[in-house]
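**Q** Pasting in a structure now, in structure tokens, and then I'll have a few things to ask.
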Amino acid sequence: MKVNILTLYPEMFPGCLGYSLAGKALAEGKWSLNVVNIRDFATDNYKSVDDTPFGGGAGMVMKPEVLDAAISATWTGGPLYYLSPRGKTFVQQTAQAWAKESEMTFLCGRFEGIDERILEKWQIQEISIGDFVLSGGEPALLTMLDAVIRLLPSVMGNTDSALEESFSDGLLEYPQYTKPQVWQGRSVPEVLLSGHHANIRKWRLEQAEQITKTRRPDLWTKYLAHKN
Ligand code: SAH
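Numbering-wise (this note's numbering), the sequence shown opens with residue 442 and increments by one.
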């Protein structure tokens, strides 16, 4: 997968994606990064990328002609997204869909955001990390890409873990334990030591259902609807 990123802060990338699973996959060429500095497309002597909003109000708005030149020079096809609190919320299903793409382009906003006409002209979709406001799209994009890259074919070591983890089956994950068997007087649940695979599966499903039901009634309702 090729990821194009338009940003005023290119040095923020690959950031945390240069480490661990994603970093190794990047080094191995399982995904690639093309980071474009929006400021390189500014045309005036001050290299300005923003201006005051028509109609007044606080803050600055990113200029359409600069963004247009940056997108023209970068986008060659594939989904084009603007990181935005107005967008659809990014969820695990979004990560699964994006993991199937071969090329994606992302526009990170700063200040109060971007001139609306850019979204119209380029038919850009908006995607949000959640119902809160960041100072820029970059941290949201790093988070989303982390979720996507670990799902790329050949990146995740144990593909079973992708099927069993939280959200994949509509449930939150069951409790996990490792050695030692007794730690500070706390024992691992007996069933996990039994070696009885059917019982273990049953226990894990019950736990996942109980945790989802009590902590996330919204997910639980959806899960029941799908199950029946
Ligand atoms: N004035 C805007 C917020 C601008 S925040 C509003 O009220 O909606 C500055 C930039 O941060 C935005 O252009 C966007 O790219 C990014 N951003 C802020 N919150 C975000 C979120 N929840 N998800 C994704 N991007 C976000």
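For every residue, glycine included, the Cβ atom is placed at its ideal position computed from N, Cα and C.
(1) State the DSSP-derived secondary structure class of Phe573, mapped to helix, strand or coil.
(2) So the alpha helix (DSSP H) Gly578 belongs to, where does it begin and stop?
(3) Determine contact between the region 561-572 and the region 634-646, defined as no fewer than three beta-carbon pairs at a distance below 8 Å.
(4) If you reduce the DSSP assignment to three classes, tell me which class Gly456 lands in.
(5) Measure the CB-CB distance between Thr448 and Ile479 and report whether it falls below 8 Å.
(6) In angstroms, rounded to a whole number, what distance separates the CA positions of Asp587 and Tyr615?
(7) Just reading off the beta strand (DSSP E) that Arg670 is part of, what are its end residues?
(8) Taking the continuous beta strand (DSSP E) assigned at Asn475, which residues delimit it?
(9) Does the Cβ of Cys457 lie closer than 7 Å to at least one heavy atom of ligand 1?
(10) For Val574, which residues from the same chain have a beta carbon less than 8 Å from its beta carbon, with the 5 sequence-adjacent residues on both sides left out?
**A** The structure says:
(1) In the three-state scheme derived from DSSP, where H, G and I count as helix and E and B as strand, Phe573 is classed as coil.
(2) Careful: Gly578 lies outside any alpha helix (DSSP H) and carries neither H nor E.
(3) Inter-segment contact for the region 561-572 and the region 634-646 is absent: fewer than three beta-carbon pairs are separated by less than 8 Å.
(4) Reduced to three states, the DSSP call for Gly456 is helix.
(5) Yes, the pair counts as a contact, with Cβ atoms nearer than the cut-off.
(6) One C-alpha to the other measures close to 22 Å.
(7) Residue 670 falls outside the range modelled here, since the chain spans only 442 to 669, and no answer is possible.
(8) Taken as a continuous stretch (DSSP letters only), the beta strand (DSSP E) holding Asn475 covers Ser473 to Asn478.
(9) Within 7 Å of the C-beta of Cys457 there is not a single heavy atom belonging to ligand 1.
(10) The answer, listed in chain order, is Pro526.
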